[in-house]
Amino acid sequence: MNQDFVFTSERPIGNLPNLFIVADGMGGHNAGDYASRYAIEVIVKEIMECKAKEPAAIFAKAIGQANRELVRKAAEESRLLGMGTTTVIAALQDTHLWVANVGDSRLYLIHDKIHQVTRDHSLVEEMVQRGELEREAARVHPDKNIITRAVGATNEVAVDIFEVDLEPGTQVLMCSDGLNSMIDDEQILAIVKSQRDIAEQVEKLVEKANENGGKDNITVIMIDPFSGEV
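Add 60 to a position in the sequence shown, counting from 1, and you land on the number used in our numbering.
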């Protein structure tokens, strides 16, 4: 079952110039699949109707509404109890990038080096931050899939917001943990730098993740703001 869901629009959505979303659902039976799909539907609808101008405010409002809707749905239907979803959202205006995330789906910047903009809301990340676990060991830790924050998991959700100015030549990579749990950051960088174009980059990333085990659904969005390719 594919519990990942993705949305991309290179055209304006509401007051945003474009919109890119990855969500990775959790929950038994069909609940994870439903959570990721429905959360993105609510987020896109809220962004289209939002009167706010600042992307940070738009993201926070839309994710907050998606959280409330998932909580409401779970209370109404027993089959959806315990559902939730990660999400990472981005919008670009020229060389300025706005990002929001909940959970462990990620956004990276790739240039000469690879830099993770988002911070995982997960048990192992908290262990790394406390100095209890090395970064490399976290990627293969048996509890690496336990997330500490998700859309729909509690009545209120905290949203991390980031703003970044992009250097020329920088690419943006968004993904569910099906990618980064199978390939470490330096491997991701090497694959991206060794391919001719975005299509080959995405193809090779997914191919390598599957070669390494492919234990989860793999979703990837690659954006080159300076060429206009997605």
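Just so it is clear, CB atoms sit at the ideal spot from N, CA and C, and this is done for glycine as well.
Rounded to whole angstroms, K204 and G238 show a C-alpha spacing of 12 Å. DSSP places N127 within a helical segment (H, G or I) once states are collapsed to three.
With 16 or more other CB atoms across the displayed protein chains lying within 10 angstroms of its CB, T178 is buried. Between F80 and I281, the C-beta gap is smaller than 7 Å, which places the two residues in contact. A straight-line Cα-Cα distance of about 20 Å links I258 and S165.
With fewer than 16 other Cβ atoms inside 10 Å of its own Cβ, D154 counts as exposed.
The three-state secondary structure of A151, taken from DSSP, is strand.
A Cβ-Cβ contact shorter than 7 Å links A213 with G144. Here the alpha carbon of I248 sits roughly 33 Å from the alpha carbon of K105.
A check of alpha carbon separations from T146 across F286, S182, R256 identifies S182 as the nearest. By the neighbour-count criterion, in which 16 or more other beta carbons inside 10 Å mark a residue as buried, L141 falls on the exposed side. Listed in chain order, the non-local C-beta contacts of A116 below 6 Å within the same chain comprise I221, local neighbours out to five positions each way being set aside.
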